[in-house]
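J.: Sharing a structure below in structure tokens format, with a few things to ask.
In the working numbering, the protein residues as written are 394 to 518.
Put into structure tokens, the structure is as follows:
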């Protein structure tokens with residue numbers, strides 16, 4: 394401990410000898426950091442969601458829903474899905490569903506997250 398104090402004192406004395414004044418205090422106002430210049434504005438604006446249907450509303454595509462999730466059995470307009478909330482409790486089991494594209498996907502048994510043709514594997518895989 395004594396060695397550290399001697400080292401600090403030597404540093405202060407060296408600073409005073411070199412500049413003619415004691416070092417500035419470590420506490421006190423510090424200059425505020427400046428934010429970098431963001432540069433020119435991006436000429437392409439971000440796409441805005443096209444849909445704003447509330448959870449529980451019927452839907453045919455996910456972009457119709459405010460949550461961006463349209464799920465349920467049926468792939469055409471004659472069997473619409475339902476807008477589902479983005480934040481919800483879903484089971485962590487992986488169940489097979491036959492997607493509207495004819496491909497099997499696996500997801501929560503309680504929250505499929507998209508529209509599907511049927512529960513279970515697709516006939517062609």
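Don't be surprised by glycine CBs; every beta carbon is placed ideally from N, CA and C.
Predicted model only: the values in this text are computed from it and were never measured.
My assumption, with CB atoms under 8 Å, is that residue 476 sits in contact with residue 458. Please give the rounded CB distance.
T.: Right, their Cβ atoms sit about 4 Å apart.
J.: Below 6 Å CB to CB, which residues in the same chain sit around residue 450 once its five sequence neighbours on both sides are set aside?
T.: Counting only Cβ-Cβ distances below 6 Å, and skipping sequence neighbours, we find 476.
J.: Secondary structure at residue 455, three-state DSSP: helix, strand or coil?
T.: Three-state DSSP puts residue 455 in a helix.
J.: Nearest to residue 515 by alpha carbon, out of 507, 500, 491 and 498?
T.: Of the listed residues, the one whose Cα sits closest to residue 515 is 491.
J.: With C-beta atoms as the reference, is residue 495 less than 8 Å away from residue 474?
T.: Contact flag unset, no.
J.: Can you give me the start and stop residues for the beta strand (DSSP E) that residue 501 sits inside?
T.: No beta strand (DSSP E) contains residue 501, which DSSP labels as neither H nor E.
J.: Take residue 481 as the anchor and find which of 462, 445 and 489 has the nearest alpha-carbon.
T.: Ranking 462, 445 and 489 by Cα distance to residue 481 puts 462 first.
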